[in-house]
Amino acid sequence: MSDKTITRFAPSPTGWIHVGNLRTALMNYLIARKAGGEFILRIDDTDPVRSKEEYVDGIKRDLDWLGLHWDRVERQSLRLEKYQEAAQQLRDMDRFYEAFETPTELDLKRKKQLNMGKPPVYDRAALTLNDAAKEALRAERGEGVWRFKLKHERIVWNDGILGDVSIDGASVSDPVLIRGDGQILYTLASVVDDTEMGVTHVVRGSDHVTNTGTQIQIMHALGGDVPTFAHHSLLTGPQGEALSKRLGVLALKDLREAGIAPQALLSLMSRLGSSDPVELRTEMSTLIDGFNISRFGSSPTKFDAEDLKPLTAHYLQTLAVTDVADHIAALGVPEVQAEQFWAVTRENITTLHDLKGWWDMFSLGADPVIDDEDREFVAQAMGLLPEGPFDAATWGTWTAAVKEATGRKGKGLFMPLRKALTGQAHGPDMSSVMPLLQVVKARG
Ligand code: GLU
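Just so we're on the same page, this note's numbering is the position in the sequence shown counted from 1, plus 363.
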């Protein structure tokens, strides 16, 4: 195996990628970058029906948005010959056999085994078929599936997260590597690719632990180097509930559209489930330097999308107006007011989407909120409000004049005016709000 660290992120393009996929992508990315190695984006598209180009593009767009740049792309659909060669090698060494059971028959076998208190492992009945019997089954049912014949011995590896893992080969069904319709399945394709591409580290979800056991045996059979494996825990919802049903709404694309900052997502996902604290890290280099896979635990990791909001808000507060100039200009904020607008709003937004509400308020005027007991007071105050445009001194001089005229002071003076002008009881300092106000609806 080469000295160079090589990792891969290997999504199947059968849907939008979500936070669970991101955890896998990020860990593999960080390992490669920390070691000065290579990060491969491998598209696992051997399923011609479910794989869609739209999703391949989506995966690339999501990774680009996050700044997880890959060194090269590999596509399994372009490597089918390699997998056929490996399949032939397995046949030649008598580790690959054709089986003809229907799904219903297999299901029945499993039920019988479970009833007898036995583990539901495929009974290898197909191994007893002679050529004539196979021919007859083929004529009746079409091509069979191809199963890899596992050795019934212990498979052990030292897992980067789980520590020492040991799986009894006899407790696992011989995996199907090629379907009856000829489709190469992920397990075989993945072994061939990991071996040929010199992948040194494979990080994936703990739902792959059994796969890893069988893949190690296939790698041994084909004579490939076995990478270092690490299996991260699966994500659950905030209450520990399965996340799988909600993953649709946690697609990276949706988080992006909701205005979540990539820096927030990366900061959370690169540390969640580890003994390191989650804090905002705006530079990828800091994430890379501080990453250590051995600090991740094996128990399920709670994920709450709400946590992305304060991190996003915090990130936005670190930005200068120049960083968001395009966004602000797109709202129609005049260039001369951009700096003031950002200064006033940046600590009062959760995502950049919230800026529109603020600009609407400044440019169109807010619907005034006026309590009954303040009606007269506000009317009087509005009579004293100078014509615009306002400046930084307007609020001070105006409220002094209103105080003088009405005798009101403190909260009783300021709050009704704030509510009348902005429609809200909270918000930025009114002296900085005034210069941005283009329309005052409360004038009546
Ligand atoms: N395509 C597989 C998946 O998305 C890849 C698993 C692996 O990393 O080996 O689950």
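Think of the CB as a built atom: it goes at the ideal place given N, C-alpha and C, for glycine as much as any other residue.
No heavy atom of the ligand GLU is found nearer than 6 Å to the CB of S440.
Cα atoms of D455 and I581: separation of roughly 14 Å, rounded to the nearest angstrom. By the Cβ test, the segment 402-410 is not in contact with the segment 505-520, since fewer than three Cβ pairs between them sit closer than 8 Å. A buried status is given to A627, since no fewer than 16 other beta-carbon atoms sit within 10 Å of its beta-carbon. In this structure, R510 and A450 do not form a Cβ contact; the two beta carbons are roughly 11 Å apart against a cut-off of 8 Å. Every beta strand (DSSP E) of 3 residues or more that sits fully in the segment 501-588 is shown, in chain order, as 508-511, 517-522, 526-531, 539-541, 564-568. Not one heavy atom of the ligand GLU is found less than 6 Å from the C-beta of P376. Bridge partners of A462 according to DSSP: V508. The continuous beta strand (DSSP E) containing F402 extends over residues 401-406. With a cutoff of 7 Å on beta-carbon distance, L385 and P625 are scored as not near each other.
In the three-state scheme derived from DSSP, where H, G and I count as helix and E and B as strand, V802 is classed as coil. The DSSP-derived three-state label of K415 is coil. L471 counts as exposed, since fewer than 16 other beta carbons sit within 10 angstroms of its beta carbon.
Listed in chain order, the alpha helix (DSSP H) runs fully inside the segment 729-770 are 738-747, 757-769, counting runs of at least 4 residues. The beta carbon of A584 sits closer than 7 Å to those of L453, M456, R458, all from its chain and outside the five residues before and after it, given in chain order.
Under the three-state reduction of DSSP output, A683 falls in the coil class, being neither helix nor strand. In terms of Cβ geometry, L776 and W761 do not form a close pair [threshold 7 Å]. DSSP places F777 in the uninterrupted alpha helix (DSSP H) bounded by 773-785.
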